[in-house]
Amino acid sequence: MRFVFCSLSLFFWQVIFAQDTIAPIEVKGYPYKRYAVGAKSWQADSLLLAQNASSLASEWLLRYSGVYLKEYGNAMLGTTAFRGTSAGHTAVLWNGININSATLGESDLATLPVFANSNMALQMGSASSLFGSEAIGGTILLSNLSKNTENQLLIRQEIGSFGRNFSGINLTQTGSHWQMQSNFYRFSLQNNYKIPSLLGEVENNTPVNCFGTNQDFYLQATNNQKLTFHNWLHSNFRRLSNGAVLLEKNWRLAGTWQKNLSKNWLMENKIAYINDFMLYNRQDTTQTKRWVGITQVQKEFEKFSVQAGWQIQYFLMNVDAYGETKTEWRNDAFLLTRLQILPAWVVALNARQVWVSGYNTPFTPALGSEWYFLRKNSYTLLWKIQVSRGYRLPTLNSRYWQPGGNPNIAPEHSWNYETGLVFERKTIKSRFYTEITTYQMRVKDWILWQPTDQGFWSPQNLQNVRSQGVELSTSLAHNINASWKVQIWFNYTYNSAQIEQIRNDLSNRFKGKILPYAPQNRWSATFHLNYKSQNLLFSTHLTDKRFTDLENVQFVKPFWVSDLQWSKNWQQGKNQWHIALQINNLLNRSYENILNQFMPKRNYQVSMNLILK
């Protein structure tokens, strides 16, 4: 912690006493999209985020995106499976910092409330040149952005079936050169719905209780310097389906100092501290502390931009199963470039190299191109193509868990190839957007835990996987007249994630088999109708069957779920009111996302928002 606060103090000291007269230019944020040329990305719609602010990230993404999420029960563990990969192949970044568990190498999206983050985006495919380790299947980007608003207080209250209760407060204070946002939230769920069993229907008993607070501070210190500071405290308690209880506490801090060194030179320094604590069944403790420092510079030329930087991470782990305290240093060097060859043609070449003591980590480049071969006043047609490499460092559990940890385990690595077309048409009353992408990805040295002769399990680099498929994203917004507006979103994914080789499978009986919990088909559709101050929101999503074994014999049935929400806004002086009524699982279907983990049937939610100005 001393490192974090000393570094923050140094940043503020430099800003306060800096004397610069450079002409002001725009200070840019995290430029992932600028250099992710040729890659498929997806931006969460601000309306859908606001309408469902009390949702968990796992609920929201399963409902509105094309990505498959594994839910181990209602508000239980929620993990992603981008392009047929596993949860450990997804990088989750919060304001530019990877917040995946250092011990597990993944994030539980059921512990990430939408209310705590104002922006969410997805990038599909391998992107380690941009985001580092774990960015093999895809990346989730969470961020907190400054608001274009004056002082206001937002109060949100929601109640629902099965003891669901959410309370949230957001306070925004704005000055001439600064803004402060503070969030406070609490979410609880009794989860006392009926589930089938061998003895008939029994009551599910998996309560959830979480609360947290986060603060975001933005300061335009001088005409060419900007400071941002983010603080997030979160506590989550759950009783799992096996009867065990799990307590998780997370503290995340991040500070950024941006300075324009000259007209087209931008320097950014970022520091962060991540403290993750887990207590399983009141006896097994896991605590990891992580310090992160990133420094980078960006230079803009007329048709060329380049960004170079260095990232350093220090890990301190106190895990009961490791037997002793473990530490680790990681260093990353990265170079991002973008060239505007022609007005309609841009290419990007990116690269990253990481150094970890005792590991030969792969060099991860990415080459992408985008070309507008049709560009008219009202419509455009864009062709995209990218080749990229990804990697995943073995988790700390894979190396240090006793018994079974394998200190000789190698990193996983991948090659991702994708191409696609983007069509967009805009008129005075409407906007239509559609993007279709086809991809192929090969992941090698996939880590599998295997039983040993000594009676425990140990990880080994055993599996090679080929994943290929098609992704379609479409949206339509149309103003029918001054009173009526309609919006439609549609996402479809076809994926075939097949085993190419398991090295200890001498008979090759698993070759060509679909990976467990990698559905081949998935789609989601959302329809939004707005009439003056009233909104009707209908969403539906279908997930194909999921095999549960490598032989592709046992599977979980497909599930199709629909939700309906009605809401109304009204003004009272300067203040704004918003009420919403929601029906989840409208068709009252009984379904499992994960085998024997039943989800609730039809249930209801009522929410109210009040904005005081």
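When the letters of the sequence shown are read in order and numbered with mature numbering (1 follows the signal peptide of the UniProt record, and there is no 0), they come out as residues -18 to -1, 1 to 595. Ideal Cβ placement from N, Cα and C applies to all residues, glycine included. Keep in mind it's a predicted model, so treat the numbers as computed, not measured.
| said: Across the stretch 368 to 375 and the stretch 104 to 121, are there enough close Cβ pairs to call them in contact, namely three or more that are closer than 8 Å? | reply: yes
| said: Using a Cβ distance threshold of 8 Å, determine whether the stretch 571 to 583 contacts the stretch 523 to 542, with at least three qualifying pairs required. | reply: yes
| Whole-angstrom distance between Asn463 and Ile410, CA atom to CA atom | For the purposes of this step, residue 410 is identified with residue 428 of the sequence shown, where counting begins at 1. For the purposes of this step, residue 463 is identified with residue 481 of the sequence shown, where counting begins at 1. Straight-line Cα distance between these residues: approximately 11 Å.
| task | Output yes or no for whether 8 Å exceeds the beta carbon distance between Met260 and Glu230. | result | For the purposes of this step, residue 260 is taken as the residue at position 278 of the sequence shown. For the purposes of this step, residue 230 is taken as the residue at position 248 of the sequence shown. Yes, these two residues count as a Cβ contact at 8 Å.
| request: Taking Leu215 as the reference, give the member of Ile256, Glu183, Asn205, Leu228 with the closest Cα. | output: As a first step, residue 215 is located in the sequence shown; it is residue number 233 there, counting from the start. Cα-wise, what sits closest to Leu215 is Ile256.
| field | Alpha carbon of Thr530 to alpha carbon of Trp337, nearest angstrom | value | For the purposes of this step, residue 530 is identified with residue 548 of the sequence shown, where counting begins at 1. For the purposes of this step, residue 337 is identified with residue 355 of the sequence shown, where counting begins at 1. Those two C-alpha atoms are separated by around 36 Å.
| So is Lys358 buried or exposed if we call it buried at 16+ other beta carbons inside 10 Å? | In the sequence shown, counting from the first residue as 1, residue 358 sits at position 376. Exposed: under 16 other Cβ atoms inside 10 Å.
| said: For the alpha helix (DSSP H) containing Ala32, name the first residue and the last one. | reply: Here residue 32 is taken as the residue at index 50 of the sequence shown, counted from 1. From DSSP, the alpha helix (DSSP H) with Ala32 extends over 28 to 33.
| query | Can you name, in chain order, every residue of its own chain whose Cβ lies under 7 Å from the Cβ of Lys241, other than the five neighbours on each side? | reply | Translated into the one-based positions of the sequence shown, residue 241 becomes position 259. These residues qualify, in order along the chain: Asn206, Gln207, Met249.
| Is the beta carbon of Arg504 less than 8 Å from the beta carbon of Thr475? | By 1-based counting over the sequence shown, the position of residue 504 is 522. By 1-based counting over the sequence shown, the position of residue 475 is 493. In contact: Arg504 and Thr475 (Cβ atoms closer than 8 Å).
| Are at least three pairs of beta-carbons, each pair with one atom in the stretch 541 to 551 and one in the stretch 561 to 574, less than 8 Å apart? | yes
| Identity of the residue in Pro433, Gly291, Gln422 nearest Val452 by Cα | Sequence index remark: in the sequence shown, residue 452 carries index 470 (1-based). Of the candidates Pro433, Gly291, Gln422, the one whose C-alpha sits nearest the C-alpha of Val452 is Gln422.
| field | First and last residue of the uninterrupted beta strand (DSSP E) at Ala290 | value | As a working note, residue 290 is residue 308 in the sequence shown. 286 to 301 is the extent of the beta strand (DSSP E) around Ala290.
| field | Member of Tyr341, Ile481, Glu41, Ser40 whose CA lies at the smallest distance from the CA of Ile391 | value | Sequence index remark: in the sequence shown, residue 391 carries index 409 (1-based). With distances taken between Cα atoms, Ile391 lies closest to Tyr341.
| request: May I have the straight-line CA-CA distance separating residue 609 from Ser149, to the nearest angstrom? | output: With the chain running from -18 to 595 in the structure shown, residue 609 is simply not present.
| Beta-carbon proximity check, Asn446 vs Ser412, cutoff 8 Å | Locating residue 446 in the sequence shown gives position 464, where the first residue counts as 1. Locating residue 412 in the sequence shown gives position 430, where the first residue counts as 1. Not closer than 8 Å, so no.
| Cutoff 7 Å; reference Asn300; Cβ partners in own chain excluding five residues on either side | Working through the sequence shown from its first residue, we reach residue 300 at position 318. So the list reads Gln269, Thr307, once near-sequence residues are dropped.
| message | Along the chain, where does the alpha helix (DSSP H) containing Asn463 start, and where does it finish? | response | Indexing the sequence shown from 1 puts residue 463 at position 481. It is not in any alpha helix (DSSP H) - Asn463 carries neither H nor E in the DSSP assignment.
| query | Which of helix, strand or coil does DSSP assign to Gly142? | reply | Position 160 of the sequence shown holds residue 142. If DSSP states are grouped into helix, strand and coil, Gly142 belongs with the strands.
| Nearest-angstrom beta carbon gap, Gly145 and Leu171 [assumed within contact, 8 Å] | Position 189 of the sequence shown, counting from 1, holds the residue named residue 171. Position 163 of the sequence shown, counting from 1, holds the residue named residue 145. At roughly 6 Å, the Cβ-Cβ gap stays under 8 Å, so Leu171 and Gly145 are in contact.
| query | What number of angstroms, rounded off, separates the C-alpha of Ser28 from the C-alpha of Leu123? | reply | Working through the sequence shown from its first residue, we reach residue 28 at position 46. Working through the sequence shown from its first residue, we reach residue 123 at position 141. Computed Cα separation, rounded: 14 Å.
| query | Do three or more CB pairs link the stretch 52 to 66 to the stretch 83 to 100 at distances below 8 Å? | reply | yes
| message | Let's see if you can read the secondary structure: which residues bound the alpha helix (DSSP H) around Asn379? | response | Position 397 of the sequence shown holds residue 379. Run containing Asn379: 378 to 382, per the alpha helix (DSSP H) assignment.
| request: Give a yes or no on whether the minimum CB-CB distance between Ile122 and chain C is below 8 Å. | output: The structure shown contains no chain C; it is built from a single protein chain.
| request: State the DSSP-derived secondary structure class of Ala73, mapped to helix, strand or coil. | output: Here residue 73 refers to the residue found at position 91 of the sequence shown. Residue state, collapsed to three classes: strand.
| said: For Pro95 and Gly70, what's the separation of their Cα atoms in angstroms? | reply: Position 113 of the sequence shown, counting from 1, holds the residue named residue 95. Position 88 of the sequence shown, counting from 1, holds the residue named residue 70. Rounded to the nearest angstrom, the two C-alpha atoms are 20 Å apart.
| Is Leu243 helix, strand or coil when you go by DSSP? | Working through the sequence shown from its first residue, we reach residue 243 at position 261. Note: Leu243 maps to strand in three-state DSSP.
| message | Let's see if you can read the secondary structure: which residues bound the beta strand (DSSP E) around Phe113? | response | Your numbering for residue 113 matches position 131 in the sequence shown. From DSSP, Phe113 is part of no beta strand (DSSP E) but of the alpha helix (DSSP H) over 110 to 113.
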